[in-house]
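Enquirer:
In the UniProt record's numbering, the protein residues as written are 1 to 141.
1. Would you mind reading off the limits of the alpha helix (DSSP H) that contains residue 39?
2. What does the alpha-carbon distance come out to for the pair residue 27 and residue 85?
3. CB residue 112 to CB residue 47, shorter than 8 Å?
4. Contact between the stretch 92-102 and the stretch 62-70: three or more CB pairs below 8 Å?
5. If you follow the alpha helix (DSSP H) that residue 46 is part of, which residue opens it and which one closes it?
6. Counting only the same chain and skipping the five closest in sequence on each side, list residues whose C-beta sits under 7 Å from that of residue 97.
7. DSSP three-state call for residue 18: helix, strand or coil?
8. I'd like the span of the alpha helix (DSSP H) that includes residue 57, first residue to last.
Right, here's the structure in full:
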């Protein structure tokens, strides 16, 4: 899936043409019906604008450390070019969010991350060309 350049308002901003499946008013359209998931909170309590989100999920230093640990465990090299770093930080943020909300899911288990959270992460660590892949929900052996 190639992401769209979004002119959507910043998280926490009221939207007049809200998506039918969104309660928090911070979601944006997603490429598949499965990914069209809201956090389910009222606008003032949207998970994407909570202080915890900024502290646990969006701190670049924490994400770099988490990414480095994960890469060491998997025997991967840290990525150095700017576009790849942003991609790596997005991935680390998605993993941190899942760990924060659900704990360790175990190999092959997946959850859908709410659109409001996905876009908050993408806004903080954007792809230079605005191209994003959708969530990989296929079970792994």
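Ideal Cβ positions, reconstructed from N, Cα and C, are used throughout, including at glycine.
Expert: By the coordinates alone:
1. Run containing residue 39: none; DSSP gives neither H nor E here.
2. 25 Å
3. no
4. yes
5. Counting along the chain, residue 46 falls outside any alpha helix (DSSP H), and DSSP gives it neither H nor E.
6. 57, 113, 117
7. coil
8. That residue, residue 57, is in no alpha helix (DSSP H); it is neither H nor E in DSSP.
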